[in-house]
Amino acid sequence: MQPELKSPVRVRFAPSPTGYPHLGNIRTALFNWLFARHYGGKFILRIEDTDVARKVEGAVEAILDSLQWLGLDWDEGPYFQSQRLPIYRETGHKLLEEGHAYLCYCSPERLEAMRQEQIKRKQPPKYDRRCRDLAQQEKTRLQATGITPVIRFTTPLEGETTFHDLIRGPVTFKNDTLDDFVLLKSDGYPTYHLASVVDDHMMAISHVLRADEWLSSTPRHVLLYQALNWQPPQFAHLPMILGPDRAKLSKRHGATTVTEYQKQGYLPEAVVNFLALLGWSLDDRTELLSREELIKHFSLERVGKTPAIFNKDKLEWMNGVYLRKLSLGEFVQQALPFLDRELPKSVERPLDKTYVSQVLSLIQERAKTLVEVPQLASFFFLDELQYDTGLLLSGKLDAKSAANAITIASQKLEEVMTWDATALESALRPLAAELNLDTGKFFGLLRVAITGRTAAPPLFQTMAVLGKERCLKRFNAALQLLSTYSN
RNA sequence: GCCCCCAUCGUCUAGAGGCCUAGGACAUCAGCCUUUCAAGCUGAAGAUCAGGGGUCCGAAUCCCCUUGGGGGCACCA
Numbered sequence: 003m004q005p006e007l008k009s010p011v012r013v014r015f016a017p018s019p020t021g022y023p024h025l026g027n028i029r030t031a032l033f034n035w036l037f038a039r040h041y042g043g044k045f046i047l048r049i050e051d052t053d054v055a056r057k058v059e060g061a062v063e064a065i066l067d068s069l070q071w072l073g074l075d076w077d078e079g080p081y082f083q084s085q086r087l088p089i090y091r092e093t094g095h096k097l098l099e100e101g102h103a104y105l106c107y108c109s110p111e112r113l114e115a116m117r118q119e120q121i122k123r124k125q126p127p128k129y130d131r132r133c134r135d136l137a138q139q140e141k142t143r144l145q146a147t148g149i150t151p152v153i154r155f156t157t158p159l160e161g162e163t164t165f166h167d168l169i170r171g172p173v174t175f176k177n178d179t180l181d182d183f184v185l186l187k188s189d190g191y192p193t194y195h196l197a198s199v200v201d202d203h204m205m206a207i208s209h210v211l212r213a214d215e216w217l218s219s220t221p222r223h224v225l226l227y228q229a230l231n232w233q234p235p236q237f238a239h240l241p242m243i244l245g246p247d248r249a250k251l252s253k254r255h256g257a258t259t260v261t262e263y264q265k266q267g268y269l270p271e272a273v274v275n276f277l278a279l280l281g282w283s284l285d286d287r288t289e290l291l292s293r294e295e296l297i298k299h300f301s302l303e304r305v306g307k308t309p310a311i312f313n314k315d316k317l318e319w320m321n322g323v324y325l326r327k328l329s330l331g332e333f334v335q336q337a338l339p340f341l342d343r344e345l346p347k348s349v350e351r352p353l354d355k356t357y358v359s360q361v362l363s364l365i366q367e368r369a370k371t372l373v374e375v376p377q378l379a380s381f382f383f384l385d386e387l388q389y390d391t392g393l394l395l396s397g398k399l400d401a402k403s404a405a406n407a408i409t410i411a412s413q414k415l416e417e418v419m420t421w422d423a424t425a426l427e428s429a430l431r432p433l434a435a436e437l438n439l440d441t442g443k444f445f446g447l448l449r450v451a452i453t454g455r456t457a458a459p460p461l462f463q464t465m466a467v468l469g470k471e472r473c474l475k476r477f478n479a480a481l482q483l484l485s486t487y488s489n
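Just add 2 to the spot in the first sequence (first one is 1) and you have this note's numbering.
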């Protein structure tokens with residue numbers, strides 16, 4: 003399955019701007035990109051905007067943004083099919099002249115009615131070819147009506163079409179199961195079939211790597227290449243990515259657009275790594291691969307055939323791994339915008355970079371995504387903590403002894419001059435024994451007083467970052483709460 | 001309904017006839033570490049390799065059938 007080395011590798015990603023790109027679309031882009039980079043070929047971006055009616059505002063931008071975010075840089079394009087209309091028309095008319103296509107005057111209404119009837123009779127819905135062999139007289143009459151005809155492909159009635167898929171092997175279709183599909187619509191735009199064949203040829207695409215959903219359109223394309231007397235590219239149909247309900251990924255599956263993952267605080271490196279493993283694998287154990295390693299090892303032979311359901315848990319895990327791999331500086335840089343956006347307005351801006359850095363050093367290994375950073379770190383920034391007073395008693399202490407423990411700790415800490423984790427520990431650890439409390443209970447109590455929660459970064463480090471003044475203030479606040487606690 | 005594709009733990013996957021008493025990862029559970037959480041480490045559970053027929057000395061791996069799933073069947077891509 004080595005690509006033909008006589009012709010340079012040229013692949014394309016050809017999305018249509020009828021929606022925002024989801025993980026499936028982007029996985030296709032990634033495989034194309036990896037293939038191109040692996041073989042030192044070209045990765046071409048082409049926007050298939052031939053459906054005027056379904057065009058979605060902002061989709062093109064979302065596609066470009068997604069690719070850029072993931073670092074899938076393209077070598078040519080973006081080409082827009084809407085700007086190449088004359089080429090398709092010319093090809094369509096050429097086909098017409100050579101007898102490979104014909105004009106069809108059937109109205110959409112008639113076609114729709116016909117389809118409904120066929121479905122009702124449990125027949126395969128297919129164009130009945132009414133216009134395929136019109137008598138000259140009839141043609142003239144229809145022409146005079148002023149109806150704008152479409153151009154349909156004259157699909158061979160007999161025989162079969164076989165092509166060799168790089169992933170599936172030989173695939174054969176009987177020609178009589180194929181339709182006389184439309185090449186040029188009455189609005190003057192080409193259909194996908196015509197436009198992609200023409201462009202793939204004109205752009206000298208060597209390999210078409212696209213999702214499995216296109217497999218059954220491929221014989222039509224092969225027939226078109228034959229009619230045009232063009233050499234078809236090699237085809238490879240990639241396994242689909244399915245939603246949790248095992249159905250084709252769509253808007254119905256919620257947060258599947260790539261930009262959504264960006265917003266949720268996933269790192270592009272993690273997403274690339276994760277996506278690469280959806281349908282491709284290096285061996286029986288390697289999970290973490292850098293971009294360079296992916297390029298180095300990527301090959302179509304190791305692309306599987308079975309559709310994959312993406313496993314969000316695993317993506318999260320992997321993102322956590324990548325987050326922890328970041329240097330503190332990089333992590334701060336990545337997390338800062340999220341803090342800035344999500345922290346309450348009451349927190350003074352701009353955030354102090356040094357302080358943020360100290361805080362984030364304690365958060366980094368606890369975050370799976372960037373979006374949870376503000377939540378994990380909020381108590382470092384708030385002046386007053388809101389928490390359920392009962393939390394202070396979660397160590398099964400009564401309010402009185404809890405208050406006593408905090409008071410003693412507070413007094414002890416007043417005397418601490420060097421406010422760092424080591425000093426804090428040597429000041430507080432002995433107190434547990436003096437108070438006859440086990441360390442779990444004692445430190446747990448102080449943790450709630452300091453952070454307002456039972457799960458937080460290590461106590462002494464947290465206190466060191468917060469600073470003496472804020473810690474003592476929080477102890478006071480805790481005492482306040484305990485004093486009003488309904489006994 | 002017709003056509004095409006696919007079929008290994010819940011999920012992602014390794015496996016290209018003997019290395020498989022089916023390996024890894026996520027998730028789950030347990031233990032260790034530990035001031036909590038997280039991370040880390042160790043271990044457990046989890047797949048009669050969809051089912052049935054062949055071929056072969058030998059099949060998860062090859063062939064056939066069945067079943068299941070997916071995709072396609074537009075003047076959408």
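The beta-carbon is built from N, C-alpha and C at its ideal position, and this holds for glycine as well.
Integer Cβ distance of residue i from residue j, believed to fall under 8 Å
i	j	result
Arg1	Gly79	For residue 1 there is no data in the structure shown, the boundaries of the chain being 3 and 489.
Ala61	Tyr22	6 Å
Gln197	Glu50	Here residue 197 turns out to be Ala, not Gln, going by the sequence shown. About 7 Å; that satisfies the 8 Å criterion.
Val361	Phe340	Val361 to Phe340, Cβ: 13 Å. No contact.
Pro270	Gly73	6 Å
Leu394	Ala480	6 Å
CB contact flag (residue i, residue j, <7 Å)
i	j	result
Phe462	Ala429	no
Ile153	Leu98	yes
Ala337	Leu372	yes
Leu104	Arg143	A small correction: the amino acid at residue 104 is Tyr; Leu does not occupy that position in the sequence shown. For Tyr104 and Arg143, no; Cβs fall outside 7 Å.
Thr391	Tyr324	no
Pro234	Tyr227	yes
Arg131	Asp182	yes
Ala401	Leu447	no
His102	Thr259	no
Leu186	Ala213	no
Phe276	Met320	yes
Tyr90	Val200	yes
Gly43	Pro10	yes
Phe444	Ala434	yes
Phe45	Trp71	no
Leu290	Arg29	no
Thr261	Ala31	no
Leu296	Ala272	no
Lys250	Gly322	no
Gln494	Pro127	Nothing about residue 494 can be reported from this structure: the residues present for the chain run from 3 to 489 only.
Option nearest residue i by Cα separation, candidates the options
i	options	result
Phe37	Leu168, Val62, Pro126, Tyr22	Leu168
Asp285	Lys141, Gly306, Val274	Gly306
Leu384	Ser348, Gln366, Val13	Ser348
Asp247	Pro309, Tyr389, Ser219, Tyr194	Pro309
Thr356	Gln366, Val334, Glu367	Val334
Ala379	Leu317, Trp319, Ile410, Arg455	Arg455
Asp178	Thr156, Leu72, Glu271	Thr156
His299	Ala458, Phe33, Val11	Phe33
Gly331	Val184, Gln366, Ile297	Gln366
Tyr41	Val173, Ser403, Arg12	Arg12
Glu374	Leu113, Tyr263, Phe237	Tyr263
Lys96	Ser219, Leu225, Leu230, Asp53	Leu230
Where residue i falls, given that 16 or more other Cβ within 10 Å makes a residue buried
i	result
Asn313	exposed
Met419	exposed
Gly26	buried
Thr163	buried
Ala146	exposed
Arg14	buried
Ser208	buried
Gln4	Unreliable placement is indicated for Gln4, whose pLDDT of 45 sits below 50; the coordinate value is still reported in the next sentence. So Gln4 counts as exposed.
Arg476	buried
Thr453	buried
Met204	exposed
Lys122	exposed
Gly190	exposed
His223	buried
Leu484	buried
Phe326	At residue 326 the sequence reads Arg, which differs from the Phe that was named. Counting Cβ neighbours within 10 Å, Arg326 comes out exposed, since fewer than 16 surround it.
Lys253	exposed
Thr288	exposed
Gly171	exposed
Arg304	exposed
- Message: Quick test of the definition: if touching needs 3 or more C-beta pairs under 8 Å, does the stretch 42-62 touch the stretch 15-24?
- Response: By the Cβ rule, the stretch 42-62 counts as touching the stretch 15-24, because three or more pairs are nearer than 8 Å.
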